[in-house]
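For reference, the structure discussed in these notes is given below.
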Amino acid sequence: MTRSITFHANPLLASKTPVWRSKFIVAMLALAFAGLAGRAAYVQVFGNDFYQRQGEVRYARTLELPAKRGRILDRNGLMMASSVVAQSIWAIPEDVPKDDPKLRDLARLLDMPLGSLRQRLSAEDKSFVWIKRQVDQPVATQIAALGIKGIYQRPEYKRQYPEAEAAAHVVGFTNVEDRGQEGIELAFQQRLAGRNGSRRVIKDRLGRVVEDVREVVPPVDGADLQLSIDSKVQFFAYEKLRQAIATHKARAGSVIVLDTQTGEVLALANYPSYNPNRRQNLSGEQLRNRVLTDSFEPGSTVKPFVAALALDKGLVRPDTRIQTAPGRMTIGGATIRDARDHGVMSVNEIIQKSGNVGVVKMAMQMPARDLWETYTRSGFGQKPVVPFPGAVSGRLRPYKSWRPIEHATMSYGYGLSSSLFQLAHAYTVFARDGELIPLTMIRTDEPVVGERVFSPETAVAVRRMLHMATQQGGTGTRAQTMGYSVGGKTGTARKQEGRGYSDQKYRSFFVGLAPVEAPRIVVAVMIDEPRSGQYYGGVVAAPVFSETVQHTLRILGVQPDMDVKPQIVADMVEESF
Numbered sequence: 002m003t004r005s006i007t008f009h010a011n012p013l014l015a016s017k018t019p020v021w022r023s024k025f026i027v028a029m030l031a032l033a034f035a036g037l038a039g040r041a042a043y044v045q046v047f048g049n050d051f052y053q054r055q056g057e058v059r060y061a062r063t064l065e066l067p068a069k070r071g072r073i074l075d076r077n078g079l080m081m082a083s084s085v086v087a088q089s090i091w092a093i094p095e096d097v098p099k100d101d102p103k104l105r106d107l108a109r110l111l112d113m114p115l116g117s118l119r120q121r122l123s124a125e126d127k128s129f130v131w132i133k134r135q136v137d138q139p140v141a142t143q144i145a146a147l148g149i150k151g152i153y154q155r156p157e158y159k160r161q162y163p164e165a166e167a168a169a170h171v172v173g174f175t176n177v178e179d180r181g182q183e184g185i186e187l188a189f190q191q192r193l194a195g196r197n198g199s200r201r202v203i204k205d206r207l208g209r210v211v212e213d214v215r216e217v218v219p220p221v222d223g224a225d226l227q228l229s230i231d232s233k234v235q236f237f238a239y240e241k242l243r244q245a246i247a248t249h250k251a252r253a254g255s256v257i258v259l260d261t262q263t264g265e266v267l268a269l270a271n272y273p274s275y276n277p278n279r280r281q282n283l284s285g286e287q288l289r290n291r292v293l294t295d296s297f298e299p300g301s302t303v304k305p306f307v308a309a310l311a312l313d314k315g316l317v318r319p320d321t322r323i324q325t326a327p328g329r330m331t332i333g334g335a336t337i338r339d340a341r342d343h344g345v346m347s348v349n350e351i352i353q354k355s356g357n358v359g360v361v362k363m364a365m366q367m368p369a370r371d372l373w374e375t376y377t378r379s380g381f382g383q384k385p386v387v388p389f390p391g392a393v394s395g396r397l398r399p400y401k402s403w404r405p406i407e408h409a410t411m412s413y414g415y416g417l418s419s420s421l422f423q424l425a426h427a428y429t430v431f432a433r434d435g436e437l438i439p440l441t442m443i444r445t446d447e448p449v450v451g452e453r454v455f456s457p458e459t460a461v462a463v464r465r466m467l468h469m470a471t472q473q474g475g476t477g478t479r480a481q482t483m484g485y486s487v488g489g490k491t492g493t494a495r496k497q498e499g500r501g502y503s504d505q506k507y508r509s510f511f512v513g514l515a516p517v518e519a520p521r522i523v524v525a526v527m528i529d530e531p532r533s534g535q536y537y538g539g540v541v542a543a544p545v546f547s548e549t550v551q552h553t554l555r556i557l558g559v560q561p562d563m564d565v566k567p568q569i570v571a572d573m574v575e576e577s578f
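In the working numbering, the protein residues as written are 2 to 578.
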């Protein structure tokens, strides 16, 4: 017997469902599908670029193709700075076995403590960390031979400086990113650096290139730069300076050599120096380019400018006699003294023996404005036009503020300040028959045109006075050079301490030119705080000048103009402060 089932007997099945509920559900489903369709359209069409970029970030990289930095050459084409390929060591920390015994060998090759290496490998970034940048190729080869998992190498450029300490303050150096930090490397950064290229690639998780995905943009290498520096002159000047500082137990020193025909700087050296190839634990004393950054009172080296001004104005002639007895004079309550009483002296003899009283008497015959203008036109108080950062302008106060005693002391080098670069530059006035010539650190073969300061006749007359200063009876006899006539001026200045001057600390100078009748070079030497018991410029600085002049003129091919053997009288070293 078959039983029939009546469904409407169940009250739940028999209940009526509202029509709006089913419509609502269908509408929600339709809206959801519309939202998904809209989202898909946005991702595929409107926001496609964004999502493409996000995807590429996961696997695509833009590799920078570094440009090779330009070389720095001396005037003869010899290398002073160049770039070589050096490997930089990096790691994927999460892939490096922390207990690998070869990590000890790696630390030894990198010259770093094992603890420091482990600390780098525990960095928060587990996918990349630098271990050491720019290691030497032999070391990189040994590291590769270790075969440590997770340790990789990347080629970069590293600068090398063949001249090392001798030319450090000229060339300077770059940092690990190959950007100039000091010297020519910094001053000509844009020219030397070039322009980096790029390469778009796909990489795997180990940093290996799988495929190029875009055209390579090649790098543009930096331009080479040829300096005016002669590396042979530079090295010799540096060595003689270093020896003099050691002999006289001095604190520091500087030397600069100028070519008077072209205005080129042939050498610029300082001591203490540093090796730009190894720059660990450098101090400010080593980094200072003292030729340009240190200013000082130039002392007696400015006396020829006072004599030249008096000659130019017609107040004196080279043989004009001036009474300097009793070897001292008082102005405004201050006493000015000579080293000894010389009595009546000619203008020639005043410069030869570096007399203070005679120079002051000439200066006091002229308005302060005339002296100020002469110093200014000679480059004192003016910032040098050179590419080096940090070049000082020195100090030359306006003449309207000078008191009579300052008018007097300005004539023998106290009350104004200059750098050694400015002092050497100023002496081109005498070497170039009264013209101050512009200077350059870049090689040039073009003739240089100067700005007139004194008449040619005055410049020639002062040159002869400077020559007398190096002969018997002068203060600079030790500046004499075998085979070449020289002229120059000694200077010995007490260093300032507080409001006064020290009786224990001096700066010793010699600045001059050679050969006298047709000067080819100007050389200036400064020795800071000689402490061996001798401090006169004629004893401490003049010998460095002598040897530098002789070596430089021979390199330049200048023919000797006098007897080979100089007539040096060693006891004539007295100078007035």
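The C-beta atom is built at its ideal place from N, Cα and C for all residues, glycine as well.
Query, Result
"Coil, strand or helix - tyrosine 153 by DSSP", "strand"
"Asparagine 357: first and last residue of the uninterrupted alpha helix (DSSP H) it sits in", "357 to 364"
"Beta carbon of tyrosine 158 nearer than 8 Å to that of proline 67", "yes"
"heavy atom of the ligand GDP below 7 Å from tyrosine 376 C-beta", "In the structure shown, the ligand GDP is absent, as is every other ligand, since no ligand is present at all."
"Methionine 573 (DSSP reduced to helix, strand or coil)", "Its pLDDT being 47, under 50, methionine 573 is placed unreliably by the model, and the measurement read from it follows with that caveat. Three-state DSSP puts methionine 573 in coil, outside helix and strand."
"Residues bridged to glycine 181 [DSSP beta-bridge criterion]", "Thr175"
"Three-way DSSP call (helix, strand, coil) for threonine 493 in this model", "strand"
"Short Cβ contact (8 Å threshold) for proline 305 with lysine 490", "yes"
"Beta-carbon proximity list for asparagine 357, same chain, < 7 Å, skipping 5 on both sides", "Ile337, Arg338, Asp339, Tyr413 and Ser577"
"N-terminal and C-terminal residue of the alpha helix (DSSP H) that lysine 103 is part of", "103 to 110"
"The stretch 93 to 104 / the stretch 239 to 248 touching (three or more Cβ pairs under 8 Å)", "no"
"CA-to-CA distance, glutamine 366 to asparagine 176, given in whole angstroms", "56 Å"
"Exposure of proline 283, with buried meaning 16 or more beta-carbon neighbours within 10 Å", "Contrary to the premise, residue 283 reads as leucine rather than proline in this sequence. Answer is exposed; the Cβ neighbour count stays below 16."
"Closest residue to glycine 492 among Pro385, Val303 and Gly558 (Cα-Cα distance)", "Val303"
"Bridge-paired residues (DSSP) for tryptophan 131", "Trp91"
"Integer Cβ distance of arginine 76 from aspartate 225, believed to fall under 8 Å", "13 Å between Cβ atoms; not a contact."
"Exposure label - tyrosine 43; buried when at least 16 CB within 10 Å", "exposed"
"Coil, strand or helix - tryptophan 21 by DSSP", "helix"
"Cβ-based neighbour list, alanine 98, same chain, cut-off 7 Å, excluding 5 preceding and 5 following", "The sequence shown places proline at residue 98, rather than the alanine named in the question. Excluding positions up to five away in sequence, the list reads Lys150."
"For alanine 340, three-class secondary structure by DSSP", "coil"
"Meets three-Cβ-pair contact criterion under 8 Å: the stretch 425 to 438 and the stretch 460 to 480", "yes"
"As assigned by DSSP and simplified to three states, the class of glutamate 265", "strand"
"Selection from Leu288, Leu267, Ala326 and Ser355 that minimises the alpha carbon distance to proline 277", "Leu288"
"Own chain residues within Cβ distance below 7 Å of glutamine 353, not counting five before or after", "Met466, Met469, Ala470, Gly474 and Gly475"
"Aspartate 179 to lysine 401 span [Cα, whole Å]", "49 Å"
"Cβ pair count under 8 Å reaching 3, the stretch 131 to 141 against the stretch 257 to 269", "no"
"Neighbourhood of threonine 482 by C-beta, 6 Å cutoff - its chain only, sequence neighbours within 5 removed", "Ser547, Val550 and Gln551"
"Straight-line Cα distance separating alanine 409 from aspartate 371", "13 Å"
"N-terminal and C-terminal residue of the beta strand (DSSP E) that isoleucine 556 is part of", "Note, isoleucine 556: premise wrong, no beta strand (DSSP E); alpha helix (DSSP H) at 543 to 556."
"Within 8 Å, strictly: CB atoms of phenylalanine 174 and arginine 280", "yes"
"Proximity of valine 449 and proline 457 at Cβ, strictly below 8 Å", "no"
"Neighbour-count burial assignment, aspartate 572, 16 or more Cβ in a 10 Å radius", "With a pLDDT of only 46 at aspartate 572, under the threshold of 50, the placement of this residue in the model should not be trusted; the figure read from the coordinates follows. So aspartate 572 ends up on the exposed side."
"Helix, strand or coil at lysine 233 according to DSSP, with G and I counted as helix", "helix"
"Segments assigned alpha helix (DSSP H), at least 4 residues, entirely inside the stretch 393 to 437", "405 to 411, 421 to 427 and 429 to 432"
"Reduced DSSP secondary structure (H/G/I, E/B, other) of glutamate 518", "coil"
"Own chain residues within Cβ distance below 8 Å of threonine 377, not counting five before or after", "Gln383 and Leu397"
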